[in-house]
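Asker: Following this message is one structure expressed as structure tokens.
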Amino acid sequence: LNHILTAKHGWRIAGIENEFGEVGIDDSLLRKNMKEHTEEEVIEMLNGCVCCTVRDDLIKTLKKLAERQQQGLKLDAIVIETTGMADPAPVAQTFFVDDFVQEFFKLDGIVTLVDANHIEQHLDEEKPEGAENESVEQVAFADRLILNKIDLVPKEEDLKRVETRLRTMNAFAPIIRTTQSSVSAENVLNLKAFNLNRTLEMDPEFLNTDAEHEHDESVSSLGIDVAGEVDMSALSVWMDDLLREQGADIFRMKGVLACQGYPKKWAYQAVHMIMSSVFSEDWAEGEERCCKLTFIGKNLNKAELKEGFMSCMATAENREKRIKSLRFAKGDKVQCVDDDGEWVTGVVEDHLFRNEDWAPGECAPYAVKLDGAEQYIYPTEDDDTIVRAAPRAVD
Numbered sequence: 008l009n010h011i012l013t014a015k016h017g018w019r020i021a022g023i024e025n026e027f028g029e030v031g032i033d034d035s036l037l038r039k040n041m042k043e044h045t046e047e048e049v050i051e052m053l054n055g056c057v058c059c060t061v062r063d064d065l066i067k068t069l070k071k072l073a074e075r076q077q078q079g080l081k082l083d084a085i086v087i088e089t090t091g092m093a094d095p096a097p098v099a100q101t102f103f104v105d106d107f108v109q110e111f112f113k114l115d116g117i118v119t120l121v122d123a124n125h126i127e128q129h130l131d132e133e134k135p136e137g138a139e140n141e142s143v144e145q146v147a148f149a150d151r152l153i154l155n156k157i158d159l160v161p162k163e164e165d166l167k168r169v170e171t172r173l174r175t176m177n178a179f180a181p182i183i184r185t186t187q188s189s190v191s192a193e194n195v196l197n198l199k200a201f202n203l204n205r206t207l208e209m210d211p212e213f214l215n216t217d218a219e220h221e222h223d224e225s226v227s228s229l230g231i232d233v234a235g236e237v238d239m240s241a242l243s244v245w246m247d248d249l250l251r252e253q254g255a256d257i258f259r260m261k262g263v264l265a266c267q268g269y270p271k272k273w274a275y276q277a278v279h280m281i282m283s284s285v286f287s288e289d290w291a292e293g294e295e296r297c298c299k300l301t302f303i304g305k306n307l308n309k310a311e312l313k314e315g316f317m318s319c320m321a322t323a324e325n326r327e328k329r330i331k332s333l334r335f336a337k338g339d340k341v342q343c344v345d346d347d348g349e350w351v352t353g354v355v356e357d358h359l360f361r362n363e364d365w366a367p368g369e370c371a372p373y374a375v376k377l378d379g380a381e382q383y384i385y386p387t388e389d390d391d392t393i394v395r396a397a398p399r400a401v402d
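Read in this note's numbering, the sequence shown has 102 at position 95, and its numbers run on one by one without any break.
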């Protein structure tokens, strides 16, 4: 959606953004582009599952946009970006069961963004009896499939296997390969692709508004919204451990954070164990520096996740805890491995040391001043293979 908002296509677009969790992240990622590339910011936020709990809110939002259009708002299209946990059928149904919505809007098409690197494991996922596999539904109902992240699947035979599987589930939707979701606007806008008859053949209950819709209850979300800044070095360690140990069960992780020592907002997104991040825009003057993040996954231990993140906040108490967890105190004699792989001796002069020119989040547990030299070594980890106690002198 960010890519579409920044493309030069001449369309005036309203965005309806849906978050599965209670803390909104995506709206803050989108608003900057809406302001820079449209005459008027038009973005609506729905928190909850758009295919069930906030479906009435979707109808109200569409009606509100129709009223604004009657009052002079210039609008060519509305893009509804649902959460990845949404069943598309009840969302599409909205355009056929409400008379007012039918009068003002036409469903142009359903576009499904497919993660080439992870889609197979989600299609194969066993769901509890009665619960829908949302990934299957999203592929089956698509009028266009955007096969994204192909750079993470370098073997052509693997991509062809994924495409073959997608075509067995949906033989009608064209498949477009992309990286970083970079797709031309004409491939997702003004498709004139949605076919009600084909949809009814696939799902005879499509227009039945009383049909039950059941999610996998083992999948949930956690939102954290807290004032203050994070310590990036502590956060990096915690996130690395979290994704390594629980990445298979974390479907999505995203946030916009204030980081100690950095003037810009840090925005990140992760899918399972693959993560990307960027320092985006500056914090506005007078804007409270805070951290907003959300997790979506299976069997989430919410208390443990929140406790882990809070331990990364940049507070004196958290810093003291991190220092106490280190093995060596200031003044201790230690040996470190130098660039040549040799053990050299020195004294611990500082804890949790960081140079300004180091990469964000990079931090050394110790700053060690070498004996007899104005030279320092900064061990990358507090591990015996890198830094160890110096042998005691023998009388």
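C-beta atoms are modelled at their ideal positions from N, C-alpha and C, and glycine is treated no differently.
Between which two residues does the beta strand (DSSP E) holding F148 run?
Answerer: As a first step, residue 148 is located in the sequence shown; it is residue number 141 there, counting from the start. F148 -> no beta strand (DSSP E), and no H or E assigned at all.
Asker: Secondary structure at Q276, three-state DSSP: helix, strand or coil?
Answerer: Numbered from 1 along the sequence shown, position 269 holds the residue referred to as residue 276. Reduced to three states, the DSSP call for Q276 is strand.
Asker: Return the first residue and the last residue of the alpha helix (DSSP H) that H129 is part of.
Answerer: Against the sequence shown, residue 129 aligns to sequence position 122. That run of the alpha helix (DSSP H) goes I126 to L130.
Asker: Using DSSP with H/G/I as helix, E/B as strand and the rest coil, what is K42?
Answerer: Taking the sequence shown and counting its residues from 1, the one referred to as residue 42 is at position 35. Reliability fails at K42, whose pLDDT of 44 lies under 50, so the model's placement of it is uncertain and the value that follows must be treated cautiously. DSSP places K42 in helix when its eight states are reduced to three.
Asker: Expressed to the nearest angstrom, what Euclidean distance is found between the alpha-carbon atoms of R361 and I153?
Answerer: In the sequence shown, counting from the first residue as 1, residue 361 sits at position 354. In the sequence shown, counting from the first residue as 1, residue 153 sits at position 146. About 42 Å.
Asker: Taking E6 as the reference, give the member of T101, F112, P97 and G22 with the closest Cα.
Answerer: Outside the modelled stretch of the chain, which goes from 8 to 402, sits residue 6, for which no answer is possible.
Asker: Relative to the C-alpha of K81, which candidate in M260, I231, E381 and G17 has its C-alpha closest?
Answerer: Your numbering for residue 81 matches position 74 in the sequence shown. K81 has its Cα closest to that of G17, out of M260, I231, E381 and G17.
Asker: What are the start and end residues of each continuous beta strand (DSSP E) run of 3 or more residues lying completely inside the stretch 360-400, in chain order?
Answerer: You should have 371-377 and 394-396.
Asker: For G304, which residues from the same chain have a beta carbon less than 6 Å from its beta carbon, with the 5 sequence-adjacent residues on both sides left out?
Answerer: Indexing the sequence shown from 1 puts residue 304 at position 297. Cβ within range, chain order: D256, I257 and F258.
Asker: If you draw a straight line from the alpha carbon of T68 to that of V278, how long is it in whole angstroms?
Answerer: In the sequence shown, residue 68 corresponds to position 61, counting from 1. In the sequence shown, residue 278 corresponds to position 271, counting from 1. Between T68 and V278, the C-alpha separation is close to 29 Å.
Asker: Rounding to the nearest angstrom, what Cα-Cα distance links T45 and A14 in this structure?
Answerer: Along the sequence shown, read from residue 1 onward, the residue named residue 45 stands at position 38. Along the sequence shown, read from residue 1 onward, the residue named residue 14 stands at position 7. Note on T45: pLDDT 43, under 50, position unreliable in the model; the coordinate value appears next. The alpha-carbon atoms of T45 and A14 are separated by roughly 11 Å.
Asker: Assuming P372 and D346 are in contact, meaning their beta carbons sit under 8 Å apart, how far apart are those beta carbons, in whole angstroms?
Answerer: Taking the sequence shown and counting its residues from 1, one reaches residue 372 at position 365. Taking the sequence shown and counting its residues from 1, one reaches residue 346 at position 339. No, P372 and D346 are not in contact; Cβ-Cβ is about 18 Å, not under 8 Å.
Asker: State the DSSP-derived secondary structure class of E47, mapped to helix, strand or coil.
Answerer: Numbered from its first residue, the sequence shown carries residue 47 at position 40. Confidence at E47 is low in this model, with a pLDDT of 43, below 50, so the placement of that residue should be treated as unreliable; the coordinate-derived value is given next. If DSSP states are grouped into helix, strand and coil, E47 belongs with coil.
Asker: Three Cβ pairs or more, each shorter than 8 Å: is that satisfied between the stretch 188-201 and the stretch 107-118?
Answerer: The stretch 188-201 is in contact with the stretch 107-118.
Asker: Below 6 Å CB to CB, which residues in the same chain sit around R19 once its five sequence neighbours on both sides are set aside?
Answerer: The sequence position of residue 19 within the sequence shown is 12, counting from 1. Contacts found: K81, L82 and D83.
Asker: Short check: CB of K331 to CB of V354, under 8 Å?
Answerer: Here residue 331 corresponds to residue number 324 of the sequence shown, with the count starting at 1. Here residue 354 corresponds to residue number 347 of the sequence shown, with the count starting at 1. The answer is no: Cβ separation not under 8 Å.
Asker: By Cβ distance below 6 Å, which residues in the same chain neighbour D289 in space, the five residues on each side in sequence not counted?
Answerer: Against the sequence shown, residue 289 aligns to sequence position 282. Hits under 6 Å: P270 and K271.
Asker: By Cβ distance, which residues of its chain are closer than 7 Å to I66, with the 5 residues on each side in sequence left out?
Answerer: The residue labelled residue 66 in the question sits at position 59 within the sequence shown. Excluding residues within five positions, the ones whose Cβ falls inside 7 Å are T101, D105 and V108.
Asker: For Q253, count the other beta carbons within 10 Å of its own beta carbon; 16 or more makes it buried, fewer makes it exposed. Which is it?
Answerer: Translated into positions along the sequence shown, residue 253 becomes position 246. Under this definition Q253 is a buried residue.
Asker: Specify the secondary structure class of F201 as computed by DSSP and reduced to three states.
Answerer: Locating residue 201 in the sequence shown gives position 194, counting from the first residue. In the structure shown, F201 sits in coil (DSSP, three-state: anything other than H, G, I, E or B).
Asker: Which class does G338 belong to by DSSP, given the choice of helix, strand or coil?
Answerer: Your numbering for residue 338 matches position 331 in the sequence shown. Coil at G338, not helix or strand.
Asker: Go through the stretch 281-355 residue by residue and report every complete run of the alpha helix (DSSP H) that reaches 4 residues or more, in order.
Answerer: Segments of the alpha helix (DSSP H) lying fully in the stretch 281-355: 309-317 and 323-331.
Asker: Could you check the C-alpha separation between N25 and K313 for me, to the nearest Å?
Answerer: Numbered from its first residue, the sequence shown carries residue 25 at position 18. Numbered from its first residue, the sequence shown carries residue 313 at position 306. If you take the alpha carbons of N25 and K313, they lie about 23 Å apart.
Asker: Terminal residues of the continuous alpha helix (DSSP H) containing D122?
Answerer: Along the sequence shown, one-based indexing puts residue 122 at 115. First-last for D122: V118 to D122, but that is the beta strand (DSSP E), not the alpha helix (DSSP H).
Asker: So T185 and N155 are in contact, right, with Cβ under 8 Å, and what is the actual spacing, rounded?
Answerer: Taking the first residue of the sequence shown as position 1, residue 185 is located at position 178. Taking the first residue of the sequence shown as position 1, residue 155 is located at position 148. Yes, T185 and N155 are in contact; Cβ-Cβ is about 5 Å, under 8 Å.
Asker: Name the residue from P161, I157, N177 and L159 whose alpha carbon lies nearest to the alpha carbon of Q145.
Answerer: Locating residue 145 in the sequence shown gives position 138, where the first residue counts as 1. Among P161, I157, N177 and L159, the Cα nearest to that of Q145 belongs to N177.
Asker: Rounded to whole angstroms, how far is the Cβ of C297 from the Cβ of W245, which I believe are closer than 8 Å?
Answerer: What you label residue 297 is simply residue 290 of the sequence shown in a count that begins at 1. What you label residue 245 is simply residue 238 of the sequence shown in a count that begins at 1. Contact flag wrong, Cβ pair sits at about 18 Å.
Asker: With respect to 7 Å, is the separation between the Cβ of I66 and the closest non-hydrogen atom of the ligand ZN below this value?
Answerer: Among the components modelled here there is no ligand, and therefore nothing to report on the ligand ZN.
Asker: Identify the residues that DSSP records as bridge partners of E88: which are they?
Answerer: Position 81 of the sequence shown, counted from the first residue, corresponds to residue 88. Answer is E24.
Asker: Please name the residue in I281, V98 and N325 whose C-alpha comes closest to that of D238.
Answerer: Here residue 238 is taken as the residue at index 231 of the sequence shown, counted from 1. D238 has its Cα closest to that of N325, out of I281, V98 and N325.
Asker: Looking at the structure shown, is L229 part of a helix, part of a strand, or coil, going by DSSP?
Answerer: Within the sequence shown, the letter at position 222 stands for residue 229. Strand.
Asker: Can you tell me whether K81 is helix, strand or coil according to DSSP?
Answerer: In the sequence shown, the residue the question calls residue 81 occupies position 74. Coil, per DSSP.
Asker: Mind reading off the beta-carbon distance from G1 to L249? Whole number of angstroms is fine, and I expect it under 8 Å.
Answerer: In the structure as shown, the chain begins at 8 and stops at 402. Residue 1 is therefore absent and cannot be evaluated.
Asker: Are the CB atoms of L359 and S243 within a distance shorter than 8 Å?
Answerer: As a first step, residue 243 is located in the sequence shown; it is residue number 236 there, counting from the start. As a first step, residue 359 is located in the sequence shown; it is residue number 352 there, counting from the start. For S243 and L359, no; Cβs fall outside 8 Å.
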